[in-house]
Every structure is written in structure tokens, then in C-alpha cells.
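First comes the structure, then the notes that go with it.
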Amino acid sequence: MSVLVDDALWPWRGALWAHLVSDESVAELHAFAERLGLRRMAFQGDHYDVSADVRERALTLGAQAVRGRELVRRLRSAGLRLDPHDRPGKWVEVWRCSPTGFKPDLMVEVPAPLDGAVSAVDADWGSAEVVVYERPVGSAREVVVVVEDASGVFLSDVALDKVEVWRHDDCRVELLVRIPAVIR
Numbered sequence: 162m163s164v165l166v167d168d169a170l171w172p173w174r175g176a177l178w179a180h181l182v183s184d185e186s187v188a189e190l191h192a193f194a195e196r197l198g199l200r201r202m203a204f205q206g207d208h209y210d211v212s213a214d215v216r217e218r219a220l221t222l223g224a225q226a227v228r229g230r231e232l233v234r235r236l237r238s239a240g241l242r243l244d245p246h247d248r249p250g251k252w253v254e255v256w257r258c259s260p261t262g263f264k265p266d267l268m269v270e271v272p273a274p275l276d277g278a279v280s281a282v283d284a285d286w287g288s289a290e291v292v293v294y295e296r297p298v299g300s301a302r303e304v305v306v307v308v309e310d311a312s313g314v315f316l317s318d319v320a321l322d323k324v325e326v327w328r329h330d331d332c333r334v335e336l337l338v339r340i341p342a343v344i345r
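Quick note on my numbering: the sequence shown kicks off at 162 and runs consecutively.
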């Protein structure tokens, strides 16, 4: 395993934060982040920002502690360090559905794979909340549908082509697609 975490030195929102990376692959990093319970939306293109307490859990799960310069050096050596113009932008909420008692009809245009994925989700629609976010990633964009309900969110075992699925404590599902840039 080649998951690395630097020291929690970066102040933000009243806490100190660290960077979690893999010098092996993004897939390895995502798998480790999922074990930590991190949201897929927290991925910053080549790293996750983690609080000091999550950093400690990462070390317990086998992440290797390194200094910040070593982390960046190893990320670059692996070819996984993104140039600033290729890093993701900020997530922007584009649609929200408060609980209605019915499965929501996405009133925004979402990519076809996401529309199909949402139809595979089941929840108590009287209390579930559905939010759609998007962000630029280089010349592409990512779109995510988040379904959250304290009483449980379930996803049928259908094949979801081109959709990343992240489950969190059976109370949240994140369905994400990346849309390549259209070249005209």
C-alpha cells in the first residue's frame, strides 16, 4: 500500500488539516478514502484534505506519515500530481429537492447515466433529500447526485455504467459522473 499523509498543519475552519494521497493510483486512494468514510466529493483531483483526527485514523489503517515535501515529490514521481489548471473547481449546488413523499423528478438536466442511477435508488422519500452539484475539472466537469436520509438509502444491484457510487453508513449515496469537454 502506498497511501501517504502529511502533517496536519493547514488551518481551515478552526481545525488543522493534512493531505491524503497515493503514490500508486487514484483508485487506491479512493478505496482508502472510502474505508475512512470520506465523501467522494471531498476529492481534490490528486488528494483528499483530511482533518487531524481523520489523519490519525488513516495512520491506524496503514497510511504512511511523510513530510509535505516528500508527499509532493512522491505524487509527482508517480505522475499523479495535477497541474493547477487541471485541478477541480469548487462544487456548486445546481438543484435541491426537499422531501415530498415521492421519488423526485430531477428538474435539472443530468447526464443520462445519472438519471438511470437515481432510478435505482430507494429511500423514504418523505424524509430523503436529493441535491445535485457540479464542478469543473480541467476542461471537463463532474456532476454528482447526493441522496441522503437518516432512515436509510438503498441502491438496487443494477449495473451502473460510467457512474461512480459511494455509500456512507447506509444513509447517503453519492452518484458521480465525469463529462468530457465537447470539442467543436
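Cβ atoms here follow ideal geometry from the backbone N, Cα and C, with glycine treated the same way.
Fair warning: this is a prediction, and the values are worked out from it, not measured in the lab.
ask   = When DSSP builds the beta bridges, which residues end up paired with His180?
value = The count along the sequence shown starts at 1 and reaches residue 180 at position 19. According to DSSP, His180 bridges with Asp210.
- Query: Does the beta carbon of Thr261 sit closer than 7 Å to a beta carbon anywhere in chain D?
  - Reply: In the structure shown, chain D cannot be found, because there is only a single protein chain.
Enumerated in chain order, which unbroken segments of the beta strand (DSSP E) with a length of 3 residues or greater are wholly contained in the stretch 269-298? Listed in chain order, the complete beta strand (DSSP E) runs (minimum 3 residues) inside the stretch 269-298 are 282-284, 290-298.
Query - Extent of the continuous beta strand (DSSP E) to which Glu335 belongs - result: Position 174 of the sequence shown, counting from 1, holds the residue named residue 335. Unbroken beta strand (DSSP E) run through Glu335: 333-340.
ask   = Since Arg200 is in the beta strand (DSSP E), which residue starts that stretch and which ends it?
value = Position 39 of the sequence shown, counting from 1, holds the residue named residue 200. Segment: none, Arg200 is in no beta strand (DSSP E) and carries neither H nor E.
Which runs of the beta strand (DSSP E) fall wholly inside the stretch 207-270 and span at least 3 residues, in chain order? Listed in chain order, the complete beta strand (DSSP E) runs (minimum 3 residues) inside the stretch 207-270 are 209-212, 253-258.
Going by DSSP, what residues sit across from Glu195 in a beta bridge? Indexing the sequence shown from 1 puts residue 195 at position 34. Within the DSSP bridge table, the entry for Glu195 names no partner.
What are the boundary residues of the beta strand (DSSP E) that includes Leu170? The residue labelled residue 170 in the question sits at position 9 within the sequence shown. Careful: Leu170 lies outside any beta strand (DSSP E) and carries neither H nor E.
Close Cβ partners of Val319 (< 7 Å) along its chain, the five nearest in sequence each way excluded: Locating residue 319 in the sequence shown gives position 158, where the first residue counts as 1. In chain order, Ala281 place their CB closer than 7 Å to the CB of Val319, counting only its own chain and leaving out the 5 sequence neighbours on each side.
query: What residue range is occupied by the uninterrupted beta strand (DSSP E) comprising Ala301?
result: Numbered from 1 along the sequence shown, position 140 holds the residue referred to as residue 301. Residue range 301-309 is occupied by the beta strand (DSSP E) that includes Ala301.
> Whose CA, out of Ala289, Val305, His329, Val324, lies closest to the CA of Ser312?
Replying inline: Residue numbering aside, residue 312 sits at position 151 when the sequence shown is read from its first letter. A check of alpha carbon separations from Ser312 across Ala289, Val305, His329, Val324 identifies Ala289 as the nearest.
#### Entry: Element boundaries [beta strand (DSSP E), containing Val165]
On the sequence shown, residue 165 is found 4 positions in, with the first residue counted as 1. Checking the sequence shown, residue 165 turns out to be Leu, not Val. Annotation for Leu165: the continuous beta strand (DSSP E) segment containing it runs 164-166.
Using CA atoms only, rank isn't needed, just tell me which of Gly299, Val215, Cys332 is closest to Val308. Locating residue 308 in the sequence shown gives position 147, counting from the first residue. If we check each option's Cα against that of Val308, Cys332 comes out closest.
Practice prompt. Would you mind stating whether Val298 and Pro249 have Cβ atoms separated by less than 7 Å?
Written response: As a first step, residue 298 must be located in the sequence shown, where it is residue number 137. As a first step, residue 249 must be located in the sequence shown, where it is residue number 88. For Val298 and Pro249, yes; Cβs fall inside 7 Å.
Taking a contact to mean a Cβ-Cβ separation below 7 Å, would you say Trp178 touches Ser212 in this structure?
As a first step, residue 178 is located in the sequence shown; it is residue number 17 there, counting from the start. As a first step, residue 212 is located in the sequence shown; it is residue number 51 there, counting from the start. Yes, these two residues count as a Cβ contact at 7 Å.
- Between the C-alpha atoms of Tyr294 and Leu316, what's the straight-line distance to the nearest angstrom? Here residue 294 corresponds to residue number 133 of the sequence shown, with the count starting at 1. Here residue 316 corresponds to residue number 155 of the sequence shown, with the count starting at 1. In a straight line, the C-alpha of Tyr294 is about 19 Å away from that of Leu316.
Taking the alpha carbon of Asp168 as the point to measure from, which residue in Arg200, Leu199, Pro272, Val233 has its own alpha carbon closest? Taking the first residue of the sequence shown as position 1, residue 168 is located at position 7. By alpha-carbon distance to Asp168, the top candidate from Arg200, Leu199, Pro272, Val233 is Val233.
Rounded to whole angstroms, what's the CA-CA distance from Arg228 to Val166? Just pull it up for me.
-> Indexing the sequence shown from 1 puts residue 228 at position 67. Indexing the sequence shown from 1 puts residue 166 at position 5. Roughly 8 Å separates the two Cα atoms.
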